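A.B. asks: Have a look at this one before I ask anything.
There are 2 protein chains.
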Amino acid sequence: MSEFFNVLPPDEARELFLKYIEPLDKSEVTPVSESLGRVTAEEVKAPNALPTFRRSTMDGYAVRSVDTFGASASLPAFLRVVGEVMMGEEGAINLLPDQASIIHTGGMLPDDADAVVQIEHTQSFSEGDTIKDRFEIEVFNAVAPGQNVIQVGEDVKEGEAILSEGQKVRPQDIGALLALGITDIRVTAQPLIGIMATGDEIIPPKHPLRPGQIRDINSYTVASLCQRAGGAPKVIGIVPDNYNSLKKAAESAVKEYDMLVISAGSSVSVRDITVDILSELGDPGILVHGVATKPGKPTILGAANGKPLIGLPGNPVSAMIQFIMFGVPAIHQLQGVRPLPSSKSIWARLEQNISSESGREDFIPAKIVEASGEIFTSPIFGKSNLIFTLVNADGLIKIPLNKGGVLAGEFVEVLLF
Amino acid sequence: MSEFFNVLPPDEARELFLKYIEPLDKSEVTPVSESLGRVTAEEVKAPNALPTFRRSTMDGYAVRSVDTFGASASLPAFLRVVGEVMMGEEGAINLLPDQASIIHTGGMLPDDADAVVQIEHTQSFSEGDTIKDRFEIEVFNAVAPGQNVIQVGEDVKEGEAILSEGQKVRPQDIGALLALGITDIRVTAQPLIGIMATGDEIIPPKHPLRPGQIRDINSYTVASLCQRAGGAPKVIGIVPDNYNSLKKAAESAVKEYDMLVISAGSSVSVRDITVDILSELGDPGILVHGVATKPGKPTILGAANGKPLIGLPGNPVSAMIQFIMFGVPAIHQLQGVRPLPSSKSIWARLEQNISSESGREDFIPAKIVEASGEIFTSPIFGKSNLIFTLVNADGLIKIPLNKGGVLAGEFVEVLLF
Numbered sequence: 030m031s032e033f034f035n036v037l038p039p040d041e042a043r044e045l046f047l048k049y050i051e052p053l054d055k056s057e058v059t060p061v062s063e064s065l066g067r068v069t070a071e072e073v074k075a076p077n078a079l080p081t082f083r084r085s086t087m088d089g090y091a092v093r094s095v096d097t098f099g100a101s102a103s104l105p106a107f108l109r110v111v112g113e114v115m116m117g118e119e120g121a122i123n124l125l126p127d128q129a130s131i132i133h134t135g136g137m138l139p140d141d142a143d144a145v146v147q148i149e150h151t152q153s154f155s156e157g158d159t160i161k162d163r164f165e166i167e168v169f170n171a172v173a174p175g176q177n178v179i180q181v182g183e184d185v186k187e188g189e190a191i192l193s194e195g196q197k198v199r200p201q202d203i204g205a206l207l208a209l210g211i212t213d214i215r216v217t218a219q220p221l222i223g224i225m226a227t228g229d230e231i232i233p234p235k236h237p238l239r240p241g242q243i244r245d246i247n248s249y250t251v252a253s254l255c256q257r258a259g260g261a262p263k264v265i266g267i268v269p270d271n272y273n274s275l276k277k278a279a280e281s282a283v284k285e286y287d288m289l290v291i292s293a294g295s296s297v298s299v300r301d302i303t304v305d306i307l308s309e310l311g312d313p314g315i316l317v318h319g320v321a322t323k324p325g326k327p328t329i330l331g332a333a334n335g336k337p338l339i340g341l342p343g344n345p346v347s348a349m350i351q352f353i354m355f356g357v358p359a360i361h362q363l364q365g366v367r368p369l370p371s372s373k374s375i376w377a378r379l380e381q382n383i384s385s386e387s388g389r390e391d392f393i394p395a396k397i398v399e400a401s402g403e404i405f406t407s408p409i410f411g412k413s414n415l416i417f418t419l420v421n422a423d424g425l426i427k428i429p430l431n432k433g434g435v436l437a438g439e440f441v442e443v444l445l446f
Numbered sequence: 030m031s032e033f034f035n036v037l038p039p040d041e042a043r044e045l046f047l048k049y050i051e052p053l054d055k056s057e058v059t060p061v062s063e064s065l066g067r068v069t070a071e072e073v074k075a076p077n078a079l080p081t082f083r084r085s086t087m088d089g090y091a092v093r094s095v096d097t098f099g100a101s102a103s104l105p106a107f108l109r110v111v112g113e114v115m116m117g118e119e120g121a122i123n124l125l126p127d128q129a130s131i132i133h134t135g136g137m138l139p140d141d142a143d144a145v146v147q148i149e150h151t152q153s154f155s156e157g158d159t160i161k162d163r164f165e166i167e168v169f170n171a172v173a174p175g176q177n178v179i180q181v182g183e184d185v186k187e188g189e190a191i192l193s194e195g196q197k198v199r200p201q202d203i204g205a206l207l208a209l210g211i212t213d214i215r216v217t218a219q220p221l222i223g224i225m226a227t228g229d230e231i232i233p234p235k236h237p238l239r240p241g242q243i244r245d246i247n248s249y250t251v252a253s254l255c256q257r258a259g260g261a262p263k264v265i266g267i268v269p270d271n272y273n274s275l276k277k278a279a280e281s282a283v284k285e286y287d288m289l290v291i292s293a294g295s296s297v298s299v300r301d302i303t304v305d306i307l308s309e310l311g312d313p314g315i316l317v318h319g320v321a322t323k324p325g326k327p328t329i330l331g332a333a334n335g336k337p338l339i340g341l342p343g344n345p346v347s348a349m350i351q352f353i354m355f356g357v358p359a360i361h362q363l364q365g366v367r368p369l370p371s372s373k374s375i376w377a378r379l380e381q382n383i384s385s386e387s388g389r390e391d392f393i394p395a396k397i398v399e400a401s402g403e404i405f406t407s408p409i410f411g412k413s414n415l416i417f418t419l420v421n422a423d424g425l426i427k428i429p430l431n432k433g434g435v436l437a438g439e440f441v442e443v444l445l446f
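Here it is as structure tokens:
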């Protein structure tokens, strides 16, 4: 039985592990409209200011603000309307003093105008039948220069950095890029993640079970977590539980993929073989051999020439929790996401005592309920082999390293799935 | 200019709107391994118990627990090891009284055994060269019946409901289904969402801008939000700003898609046409004409024979916020998600006063920063035309309906993007 000669606290383990992972130097150009969730490979600057012209924020009249100074309900300013700015067209209307132009929300201000009076603050006296005819308006409120106008460059200035390198593209980023006419963007490649399982008791999910056998599920829960984190997972399958087969499969996978995950079955012999093989795939080999967490202590973390290697415990709950803790940040780092996002979590009031051990970080599947405006959480206890403890859970209560336990009524952090 | 004759508070507006949206009656069977994020179309029950056999949770010896009763370090129990349970094989070993079998984590308990002694609590005296040979062990700790054993059905019982109808499939759900040998699952169809824009000033993102024009971005921010919510968006494009063109396009879209979104440009005339057309597409037509929010008051919500209709304001910030408030729940309802998920939000301490008006729900783009263990938020002020207020934001501060404003230092809810 191999010793856990290098058991580290989780934060230390993660820091050491990430230090050896090189962001991929592959990138590709993709249409902005298809870039949701991808990661920018370079900073993007605004090629021009936005908006490109002075726009009205109101329906009303474009005016020279000076003509409205002093106007009030009892002493309105009288202006002559001499035209209408059509939507999508240049505001090519000359305004002499005491003249105004009809303008719509989003319309372009005529050169001579510097403000917009909203229609509700006016009264018109039409001289003809159509709005195109000239007519007089009374203006009841003075407007200041620039009022109800978006200035050129008010949204973004030419040359301003709009997206930084290593940023996950969100819906509003897509909008901002397209607003500037940027329809293609360089994003980092999606890391290819090879996932294999080993263990004589493991069979593919489609196969009928014989007594003593269980189905491979870790490959698929890990693949789903990879997918969520922006990676491109490939389930390699089940590799026979012997040194030569596993070594051959791992060597080929580490060439083909950007990251290798082995779900190592639960017997000690398989774990030992996994350790040996992960240490032989490249530099520096194994970095962490055991993490001070429950569940998931027998996790193996390493790197082979910049590529992350992860040996997961066979228990499905351990495997998922450990992959969330180490695999997901590794995928982000390969993608070049900066800064690395932290897991989403909330704080909730604990409904039941939880015991723990100081010097170990515990993660307990938990339900979350909201009652009378407060958030409560209750642990779902169960052995780490029981996938249904996670199916019934909304998140994972985290008991910090230095705590011997938490009492009902205390606030705890709950990582959300 | 049309009156806002039916301006409703947002919660009331949403409730009324959702009442008229029928979940799609389309579903399809998909491989479980590709079902992440899809919605279950029916309840799933466990076809068999899990695990299917009694499994060891330790490396050690399968024993009859009664043989260990009273054992201690000073007075160990002596047992004779008569075999080894191989991983993935039936535990077909007969144990007579005072006999034990080697067993590995995950191994199947022999019929005669009812507990496992972990290897660390034993000492062995080998009689031969290999582990297969019979040998004696001393057991230093008594084990109770069932100790270090997972019982049949301990994870899930036969016939137990494991996923309810209308549930979004998560990684652990995929694991649980596969563990039971369920490799295909019936999920609801992805709603097809037709998105069109109108307004004479709007041009496609790829086109060069002439003065007075802006590029269509709402179609793409809305499409991204649809995609995130599990819908299948289709950007129909820009429809000329006149009754006949828009009516024809809307009628054809409402036939082809499960939901119709019109981003209505910013001028009043376009909004009026949109209102007219949305009221003519089916029953009951327009339900909400204006929502008591800022930004986004001129939102139109309706339904045509069970299909949601949304008319969004032209301003990109308003459009996004309103789509998050109404479009996303509509997509969830079409997919049959139950219960409807609420927006993710956190509570943060406000760094700057914000004024508002009672009777209106305000959403202000905001930065979130963590400092000395506390979460702070500061508003990004800017007109609702400015997409970069959202690009620079981490979320939206929500000022409730009944608040006239919030002071620095108070806690506010921030909806996360």
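Just so you know, the protein sequences line up as chains A and B, in that order. The numbering of the first sequence is my numbering, which starts it at 30 and goes up by one. The numbering of the second sequence is my numbering, which starts it at 30 and goes up by one. We treat Cβ as the ideally placed atom computed from N, Cα and C, and that holds for glycine. These numbers come from a predicted model, not from an experiment.
(1) Would you report the Cα separation of alanine 348/A and proline 337/B, rounded to the nearest angstrom?
(2) What is the residue span of the beta strand (DSSP E) that valine 290/A lies within?
(3) From this set, Asp96/B, Asn77/B, Pro240/B, which residue's C-alpha is nearest aspartate 140/A's C-alpha?
(4) For the beta strand (DSSP E) holding histidine 318/A, just list the boundary residues, first then last.
(5) With 16 as the cutoff for other CB atoms within 10 Å, does asparagine 414/B come out buried or exposed?
(6) Taking only runs that begin and end inside the segment 38-106 of chain B, name each unbroken alpha helix (DSSP H) of 4 or more residues, in chain order.
(7) Suppose contacts are defined by Cβ-Cβ distances below 8 Å. Is valine 168/A in contact with leucine 125/A by that definition?
(8) Can you confirm whether glutamine 256/A, when its beta carbon is compared against all beta carbons of chain B, has any partner nearer than 8 Å?
(9) Quick one: Cα of aspartate 287/B to Cα of glutamine 147/B, how far?
(10) Considering only residues of the same chain and omitting the five flanking positions on each side of valine 36/B, which have a CB-CB separation below 6 Å?
(11) What residues in its chain sit with their C-beta under 8 Å from that of valine 68/B, if we drop five residues either side in the sequence?
(12) Methionine 30/B by DSSP, collapsed to three states: which one?
(13) If distances are taken between C-alpha atoms only, which option among Val145/B, Glu189/B, Ser103/B comes closest to valine 88/B?
(14) Excluding the five sequence neighbours on either side, which residues of its own chain have a C-beta within less than 6 Å of the C-beta of aspartate 423/A, listed in chain order?
(15) How many Å lie between proline 324/A and phenylalanine 392/A at the Cα?
(16) Short of 7 Å Cβ to Cβ, which residues in the segment 210-242 of chain A face chain B?
(17) Could you have a look at proline 408/B and say whether DSSP puts it in helix, strand or coil?
(18) Along the chain, where does the beta strand (DSSP E) that runs through serine 371/A open and close?
(19) Please list, in chain order, the residues of the segment 132-147 of chain B that have any C-beta partner in chain A closer than 9 Å.
(20) When the cut-off is 8 Å and only beta carbons count, does valine 420/A lie next to chain B?
(21) Applying a beta-carbon distance threshold of less than 8 Å, which residues of chain B neighbour phenylalanine 154/A?
(22) On the three-state DSSP scale, how would you describe lysine 427/A?
(23) Start and end of the alpha helix (DSSP H) containing alanine 278/B?
(24) Name, please, each residue of chain B whose Cβ falls closer than 9 Å to the Cβ of isoleucine 203/A.
(25) Under 6 Å Cβ to Cβ from threonine 59/B, same chain only, skipping five residues before and after it: list those, please.
(26) Tell me, please, whether the CB atom of alanine 70/A is closer than 8 Å to any CB atom in chain B?
(27) What are the boundary residues of the beta strand (DSSP E) that aspartate 213/B is part of?
(28) Taking alanine 261/A as the reference, give the member of Val251/A, Leu45/A, Gly117/A with the closest Cα.
(29) Could you run through the segment 73-104 of chain B and flag, in chain order, every residue whose CB is less than 8 Å away from some CB of chain A?
(30) Please confirm whether glycine 117/A and serine 85/A have their CB atoms less than 8 Å apart.
(31) Closer than 8 Å, CB to CB, is lysine 55/A near chain B or not?
(32) Just grab the DSSP bridge partners of glutamate 390/B for me.
(33) Using a C-beta cutoff of 8 Å, does asparagine 382/B count as contacting chain A?
(34) Are the C-beta atoms of asparagine 414/B and some chain A residue less than 8 Å apart?
(35) To the nearest angstrom, how far is the alpha carbon of leucine 330/A from that of aspartate 305/A?
(36) Please state whether DSSP places valine 251/B in a helix, a strand or coil.
C.D. replies: Walking through what the data contain:
(1) 42 Å
(2) 288-292
(3) Pro240/B
(4) 313-318
(5) buried
(6) 39-48
(7) no
(8) yes
(9) 59 Å
(10) Gly319, Ala321
(11) Gly195, Gln196, Lys197, Val198, Val216, Thr217, Gly259, Gln364, Gly365, Val366
(12) Caution applies to methionine 30/B, whose pLDDT of 34 falls short of 50 and renders its modelled position unreliable; the value that the coordinates give is listed next. DSSP places methionine 30/B in coil when its eight states are reduced to three.
(13) Per the sequence shown, residue 88/B should be read as aspartate rather than valine. Comparing Cα-Cα distances from aspartate 88/B to each of Val145/B, Glu189/B, Ser103/B, the minimum goes to Val145/B.
(14) Lys396, Ile397
(15) 7 Å
(16) Gly210, Thr212, Gly228, Asp229, Glu230, Pro234, Lys235, Leu238, Pro240, Gly241, Gln242
(17) strand
(18) Note, serine 371/A: premise wrong, no beta strand (DSSP E); not H, not E.
(19) His133, Thr134, Gly135, Gly136, Met137
(20) yes
(21) Near phenylalanine 154/A there are no residues of chain B at all, since even the closest Cβ is about 18 Å away, more than 8 Å.
(22) strand
(23) 272-285
(24) Ile246, Tyr249, Thr250, Ala252, Ser253
(25) Val216
(26) no
(27) 213-217
(28) Val251/A
(29) Leu79, Pro80, Thr81, Phe82, Arg84, Thr86, Asp88
(30) no
(31) no
(32) Thr322/B
(33) no
(34) yes
(35) 12 Å
(36) helix
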